[in-house]
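Everything on this sheet refers to the single structure shown next.
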Amino acid sequence: MKGLTFLLGLWLPILLAGQTFYSGEIDRNTRWFGRIVLEGDIVVPKGVTLSIEPGTRILIQAAGDKTRSGKDPEKIEIIVNGTLLANGLEKGGEILFTSYTAKPKVGDWHGIVLKNRTQPSILRNCIIEYAYNGITCYGSSPQIIDCEVRYNHYAGISCEIRSAAVIENCVLVRNGFAGLNCELAGVPVVSGTTIRNNKNGVIIFDRSQPDLGQSPPVEGGSGGGNRIFDNLAADINNRSSRPIFAQNNTWGSADLREIPGLIIDQEDDPAFGKVRFDPVFRAAPALAANRRPSPPASPPTTAPVDTSRIAGDSLGTVNRSLGSNGTAVIPAGSSNTSAALQTGNGDAEADSAGSIADSAALAENGAPDSTLIDPEDLPPIATPALRETLIVYVEKPAVDPADPPIKEPVPEAMLDGGRRQYANQVLPVYPEVYKRTGFEGKVQIRVIVGRDGKPESITVLSSTDKLFAAAAEQAVQRNRYQPGTVRGKPVKFRIYETFVFQLEK
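Here the sequence shown stands for residues 7 to 511, where the numbers follow our numbering.
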């Protein structure tokens, strides 16, 4: 035991000597490489350049801010009034900005704040995680290319005060409020970027007008090629009065009839601007579509996201079915589930803070399943006969109108009772890894229920994540329904189950 203690005593000074601790203002051009530990705010003043070499790991202490400065005196910020040149390399040479703790959680540090309005910074092949805002472009217009911004409390990237940031081939994933937040006339140009598994994919306030793709593209603008899907509240939430171009992108659905349901815009409130998404990109774009997210520096064992600090970001009041572990999984079909949505009061400060409407509210309020359109329920499209088209008419046998045939499975609305009844309802188990990270999600499943009340067919229509999908599917497999009837006759019927996974705040 004494020998072990001696060895540890020898190694500890060596490990500490191999680390460089930084805080305060950088007064000259500086180059970082290797392992950098921040114990307080870093300020890059005007006229000074901070360059970061490929493969560098910037570890930000989560216990507090030694300088007690910046926007948040309790959390460390990298404030760039000069220039930041962080040029990493792919496949192992990425630059990592992460929390310096064994159990990182969202909001451990404040983030990177870029303020230079004349000299653009560059971030290429960087990973930014576990901050409040990953990157804040405060009147600055940096180039953010081939970066992954994830596990941040509020936004992955926030473009503010006329920021015209260029965002190319990035991944914005699993950020608490939005993948991309635009406010105070932010006008970023976004192309080839994957935006998924956030509360809002892109949210837009006041005079902001991001360019998410125009067809045909304009000089200096975005040609699209973004993949925006599987975001919890909305893929695009346009709360500004300006039209937003989001053309030539791929969405959670290739059906043009379904895409408006993924967007909040003028169709939902006349005060909002229209989101123009047509034409859509018909093939999966290269770039970010083929970019696989890198694993986090440490296994994410984070606390739930505290959205109480986000003004106007109200999910409403929800009567949840709670387990003993403090989590809530809200089945759409449950009769004891309700939600009250709130909207902002219209003033600029509240607007820029981010008032949202949760797209899961329809399910939580017990909306009829007709909000989901199955192709089988749509009437056939009449096609005009072309020249030399042979039209064959086959007379069908007469049917007694008093007893027309029933085509199974029937939609839920055709059941004698008008809706499903549960003999035994099972709630999904919240995935453990997401209880630690604070990640929330939603799953929609189509179920064909047999005449005996047992699920015969289960199809996942959409899901925030595969772990949520697996949990929901396992629960539905164990569900038992009251056998359905039409005019007293037993039938198979088709229903849609929607589950909203939320952590108890």
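Don't be surprised by glycine CBs; every beta carbon is placed ideally from N, CA and C.
What's the gap between the Cα of residue i and the Cα of residue j?
{"i": "GLY227", "j": "PHE283", "result": "15 angstroms"}
{"i": "GLY113", "j": "ASN122", "result": "24 angstroms"}
{"i": "PHE287", "j": "LEU262", "result": "11 angstroms"}
{"i": "LEU218", "j": "GLY423", "result": "46 angstroms"}
{"i": "LYS495", "j": "TYR428", "result": "18 angstroms"}
{"i": "GLY117", "j": "LYS109", "result": "18 angstroms"}
{"i": "LEU56", "j": "ILE85", "result": "11 angstroms"}
{"i": "ARG156", "j": "ARG180", "result": "6 angstroms"}
{"i": "VAL3", "j": "PRO437", "result": "Given a span of 7 to 511 for the chain in the structure shown, any question on residue 3 remains unanswerable."}
{"i": "ASN325", "j": "PRO434", "result": "Note on ASN325: pLDDT 30, under 50, position unreliable in the model; the coordinate value appears next. Those two C-alpha atoms are separated by around 17 angstroms."}
{"i": "VAL119", "j": "LYS52", "result": "14 angstroms"}
{"i": "ILE269", "j": "ARG34", "result": "47 angstroms"}
{"i": "GLN508", "j": "ASN203", "result": "14 angstroms"}
{"i": "THR142", "j": "VAL281", "result": "24 angstroms"}
{"i": "GLY40", "j": "ILE32", "result": "18 angstroms"}
{"i": "PRO461", "j": "LYS81", "result": "50 angstroms"}
{"i": "VAL455", "j": "THR107", "result": "48 angstroms"}
{"i": "ASP71", "j": "GLU189", "result": "27 angstroms"}
{"i": "GLY279", "j": "ILE64", "result": "40 angstroms"}
{"i": "ALA137", "j": "TRP115", "result": "5 angstroms"}
{"i": "SER365", "j": "LEU186", "result": "Here SER365 scores only 32 on pLDDT, less than 50, and its place in the model is too uncertain to base an answer on."}
{"i": "ASP212", "j": "ARG245", "result": "7 angstroms"}
{"i": "VAL196", "j": "GLN149", "result": "10 angstroms"}
{"i": "SER463", "j": "LYS448", "result": "20 angstroms"}
{"i": "THR465", "j": "ARG484", "result": "15 angstroms"}
{"i": "LYS498", "j": "ALA478", "result": "21 angstroms"}
{"i": "ALA69", "j": "PHE183", "result": "23 angstroms"}
{"i": "PHE251", "j": "ASN93", "result": "30 angstroms"}
{"i": "GLU45", "j": "LEU102", "result": "16 angstroms"}
Quick check: does the Cβ of residue i come within less than 7 angstroms of any heavy atom belonging to the ligand MN?
{"i": "ASN35", "result": "Summarising the ligand content, the structure contains no ligands, and the ligand MN is consequently not present."}
Restricting to Cα atoms, I'd like to know which of the options is closest to residue i.
{"i": "ASP241", "options": "LEU473, CYS153, ALA277, LEU178", "result": "LEU178"}
{"i": "ILE167", "options": "VAL497, ALA191, LYS72", "result": "ALA191"}
{"i": "CYS132", "options": "HIS159, SER147, GLU174, CYS165", "result": "GLU174"}
{"i": "ASN158", "options": "GLY145, CYS188, SER169, SER105", "result": "SER105"}
{"i": "ILE265", "options": "PHE278, ASN243, ARG248", "result": "ASN243"}
{"i": "GLY98", "options": "TYR440, ILE151, GLY61, VAL432", "result": "GLY61"}
{"i": "VAL193", "options": "ASP33, GLY162, TYR144, THR199", "result": "TYR144"}
{"i": "PHE27", "options": "VAL224, VAL119, TRP38", "result": "TRP38"}
{"i": "SER468", "options": "PHE103, GLU135, GLY182, SER259", "result": "SER259"}
{"i": "GLN450", "options": "PRO276, ALA170, ALA476", "result": "ALA476"}
{"i": "VAL432", "options": "GLY456, GLU503, LEU421", "result": "GLU503"}
{"i": "GLY76", "options": "LYS498, VAL49, ALA137", "result": "VAL49"}
{"i": "GLY198", "options": "LYS448, ILE151, ILE210", "result": "ILE151"}
{"i": "VAL54", "options": "ASN93, THR36, GLU45, VAL482", "result": "THR36"}
{"i": "SER247", "options": "TYR136, ALA239, SER214", "result": "SER214"}
{"i": "GLU100", "options": "PHE211, GLU59, GLU225", "result": "GLU59"}
{"i": "ILE134", "options": "ASP274, LYS205, CYS153, ALA239", "result": "CYS153"}
{"i": "LYS472", "options": "ARG500, PHE499, TYR440", "result": "TYR440"}
{"i": "LEU238", "options": "ASN206, LEU44, SER29", "result": "ASN206"}
{"i": "CYS165", "options": "GLN480, ARG74, ILE209", "result": "ILE209"}
Using the DSSP secondary-structure output, state which residues sit across from residue i in a beta bridge.
{"i": "SER197", "result": "GLU174"}
{"i": "ALA186", "result": "Residue identity differs from the one stated: residue 186 is Leu in this sequence, not Ala. DSSP, once it has assigned bridges, lists ILE163, VAL208 as partnering LEU186."}
{"i": "ASN430", "result": "ARG486"}
{"i": "ASN139", "result": "ALA161"}
{"i": "TRP38", "result": "ILE58"}
{"i": "PRO417", "result": "ARG500"}
Verify the CB distance criterion: does residue i have a CB-CB separation below 8 angstroms to chain D?
{"i": "GLN272", "result": "No chain D appears in the structure shown, which is made up of a single protein chain."}
Meets three-Cβ-pair contact criterion under 8 angstroms: the segment 233-241 and the segment 252-266: With contact defined as three or more Cβ pairs closer than 8 angstroms, the segment 233-241 and the segment 252-266 are in contact.
Contact the segment 86-96 vs the segment 121-138: 3+ CB pairs below 8 angstroms: Yes: the two stretches touch, three or more of their Cβ pairs being nearer than 8 angstroms.
Complete runs of the alpha helix (DSSP H) confined to the segment 57-130 [at least 4 residues]: For the segment 57-130, not a single whole alpha helix (DSSP H) run of length 4 or above is found.
Unbroken stretches of the alpha helix (DSSP H), 4 residues or longer, contained in the segment 435-488: Fully enclosed alpha helix (DSSP H) runs of 4 or longer: 438-443, 472-484.
Inter-stretch contact at 8 angstroms, needing at least 3 Cβ pairs: the segment 413-421 / the segment 437-449: They do not touch, by the three-pair rule.
Whole runs of the alpha helix (DSSP H) within the segment 203-247, excluding any shorter than 4 residues: The segment 203-247 contains no whole alpha helix (DSSP H) run of 4 or more residues.
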